[in-house]
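Structure first, then comments.
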Amino acid sequence: MSAAPSAATDLGRRVAGVEEWYHTMELAPGVVTPGFFDHRPILATVGLPASLAGKRCLDVGTFNGFWAFEMERRGAAEVVAMDVPDPHDWDWPAHSTEETLQAFDRRKAGDTGFEIAHAALGSSVRWLPLSVYDLDRETHGRFDFVYLGSLLMHLRDPVGALMRVRAVCADALLVVDNVDLPLTLAFGNRAAASLDGVGRPWWWKPTVAGLARMIEAAGFHVTGPPRRFRMPPGPGTERLPLSPTLLRSRIGRDDFVRTRFGDPHAAVHARVG
């Protein structure tokens, strides 16, 4: 009778040992990872297929693996989860500091979060250390369904990355990514984007129409209007207090809104055109 509580306690200790979780996941009754975001409430909003039975699926930029494990739970025949484990290999702007890079390295923690979740869930998802730019049909095969989440904003060449995804996608794509809400309100249906590229791997944040245009430019056919929503903050997100210092910069204002009300995102469904 003592085996289950002991196992849960050990799992809880392992979860607590990860410096930062990106995904909020229940790995066992009462054991929930303190994720930076909590994607569970928006599963229906983004429109992940209710059944992926018999499908070969790919999760691009998996981090702790929430979407890969969810696709497996929905019956996928095979799920491949890919990410770039070494932050040195990310798209860094010039003049980024080593201190910033090391901070991201500590947060990534060698993908131990994925490994802990994988073992706890008894998952068969296959993890692949791979950049989206290096996807290749001959090497990696083709996938019936591809999920790409919150990655394009971190890439210098988001359209080029989508073209590599297009090379291995046999049917359907779901992209969920950050959008610039003020720019969207200002430009409406015009495809546009704001550019960061200062000191950290934050690059393009498009309007909702801009995100759809990126996907179309890579050779996909967008199958319906993008779905706008706010990505809910998870238990690992510090709710920033309102202060004059915070409100002086756009980054500070964005961080306040994101930590209190969620991060503006859009979900776009597409098929191979």
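Count the sequence shown with the numbering used here and you get residues 10 to 282, in order. Backbone N, C-alpha and C define an ideal beta-carbon position, used for all residues, glycine too.
Considering only C-alpha positions, which residue in the set the options is nearest to residue i?
| i | options | result |
| --- | --- | --- |
| residue 225 | 216, 280 and 79 | 280 |
| residue 42 | 136, 242 and 175 | 242 |
| residue 215 | 274, 169, 180 and 175 | 274 |
| residue 69 | 27, 250, 178 and 237 | 178 |
| residue 9 | 38, 203, 153 and 30 | With the chain covering only 10 through 282, there is no way to say anything about residue 9. |
| residue 154 | 181, 271 and 201 | 181 |
| residue 218 | 228, 252 and 202 | 202 |
| residue 186 | 80, 127 and 220 | 220 |
| residue 228 | 183, 282 and 66 | 282 |
| residue 222 | 239, 148 and 188 | 188 |
| residue 57 | 83, 17, 32 and 65 | 83 |
| residue 336 | 67, 109, 124 and 50 | The displayed coordinates of the chain run from 10 to 282. Any statement about residue 336 would go beyond what the structure contains. |
| residue 50 | 183, 92, 79 and 28 | 79 |
| residue 66 | 237, 246, 183 and 252 | 183 |
| residue 28 | 146, 114 and 98 | 114 |
Report the rounded CA-to-CA distance for residue i versus residue j, giving the unit in angstroms.
| i | j | result |
| --- | --- | --- |
| residue 12 | residue 199 | Residue placement at residue 12 is flagged as unreliable, the pLDDT there being 43, under the threshold of 50; a coordinate-derived value is accordingly withheld. |
| residue 139 | residue 231 | 26 Å |
| residue 74 | residue 90 | 7 Å |
| residue 22 | residue 35 | 14 Å |
| residue 193 | residue 55 | 19 Å |
| residue 254 | residue 210 | 24 Å |
| residue 45 | residue 267 | 11 Å |
| residue 10 | residue 122 | For residue 10, the predicted model reports a pLDDT of 39, less than 50, meaning its position is unreliable and no value from the coordinates is stated. |
| residue 112 | residue 136 | 23 Å |
| residue 132 | residue 173 | 27 Å |
| residue 63 | residue 157 | 20 Å |
| residue 9 | residue 190 | What is shown of the chain runs 10 to 282, which leaves residue 9 out entirely. |
| residue 143 | residue 38 | 38 Å |
| residue 107 | residue 59 | 43 Å |
| residue 265 | residue 160 | 21 Å |
| residue 244 | residue 148 | 39 Å |
| residue 257 | residue 250 | 14 Å |
| residue 17 | residue 197 | 49 Å |
| residue 151 | residue 52 | 25 Å |
| residue 260 | residue 96 | 22 Å |
| residue 233 | residue 32 | 27 Å |
| residue 81 | residue 162 | 26 Å |
| residue 252 | residue 109 | 25 Å |
With H, G and I counted as helix, E and B as strand and the rest as coil, what does DSSP make of residue i?
| i | result |
| --- | --- |
| residue 203 | strand |
| residue 25 | helix |
| residue 162 | helix |
| residue 55 | helix |
| residue 247 | coil |
| residue 90 | strand |
| residue 218 | helix |
| residue 34 | coil |
| residue 213 | strand |
| residue 100 | coil |
| residue 189 | coil |
| residue 242 | strand |
| residue 227 | coil |
| residue 180 | strand |
| residue 280 | strand |
Is residue i near the ligand PLP, going by C-beta to nearest heavy atom under 7 Å?
| i | result |
| --- | --- |
| residue 25 | Looking for the ligand PLP in the displayed structure turns up nothing, as the structure carries no ligands at all. |
With the cut-off set at 8 Å, would you say residue i and residue j are in Cβ contact?
| i | j | result |
| --- | --- | --- |
| residue 77 | residue 61 | no |
| residue 164 | residue 212 | yes |
| residue 20 | residue 170 | no |
| residue 277 | residue 235 | yes |
| residue 208 | residue 127 | no |
| residue 248 | residue 262 | no |
| residue 88 | residue 134 | yes |
| residue 239 | residue 205 | no |
| residue 146 | residue 195 | no |
Whole beta strand (DSSP E) elements within the region 129 to 178, 3-residue minimum
135 to 138 and 152 to 158
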